[in-house]
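K.L.:
Per the working numbering, the very first residue in the sequence shown carries number -18; after that it's consecutive.
Mind having a look at this structure? Questions to follow.
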Amino acid sequence: MPNAGSSLCASAVCDIQCDAGWFDCDNTQANGCEESTAQLETDNANCGTCGNDCSALPNVGTTNCANNLCVIDSCQAGFYDCDGLAATGCAADLQIDAANCGTCNNNCALLANAQRSRFHLFFCFLRSWVR
């Protein structure tokens, strides 16, 4: 098996031990340890570690893996990466998110002199205000 230092048989199942710097990310014994540390730095399906799939982040359109970190290139229509954290994906829906009302970081709750506000189709509406 490629890049496998040793293999064991336990309960009629082969268990491979990968050479240093190699990983069995697909859990397919036949191809051994197919991913190297260098490959994990840029592999979108195994970004930085086996199974860390950048394309599986919430509401992302396209992603890539750079230096072991997921990078969001684009979001699905209607969603935005307002917090800049790849781990949360494109979590903001600007049509219904009162903390990101019509644009990122436009928080309806922070309107001047507002006690209560609501959000509808990209606009914040006051329900009551301080007199």
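Note that the Cβ used here is the ideal one computed from N, Cα and C, for glycine as well.
It should be emphasised that the depicted structure is a prediction, and the values quoted were computed from it without experimental measurement.
Can you find at least 3 beta carbon pairs, one from the stretch 75 to 89 and one from the stretch 42 to 57, that sit closer than 8 Å?
P.N.:
no
K.L.:
What residues match up with glutamate 16 in a beta bridge as DSSP calls it?
P.N.:
Phe4
K.L.:
Between Ala(-9), Asn88, Gln20, Thr43, which lies nearest to alanine 67 when the distance is taken from Cα to Cα?
P.N.:
Per the Cα distances, Thr43.
K.L.:
So what does DSSP say about glutamine -2, is it helix, strand or coil?
P.N.:
Strand, per DSSP.
K.L.:
Between which two residues does the beta strand (DSSP E) carrying aspartate 54 extend?
P.N.:
That run of the beta strand (DSSP E) goes 50 to 56.
K.L.:
Given this structure, state the Cα-to-Cα distance separating aspartate 5 from serine 55, to the nearest angstrom.
P.N.:
Going by the C-alpha atoms only, they are around 30 Å apart.
K.L.:
Could you check whether the stretch 21 to 29 touches the stretch -5 to 2, counting it as contact only if at least three pairs of C-beta atoms, one from each stretch, sit closer than 8 Å?
P.N.:
no
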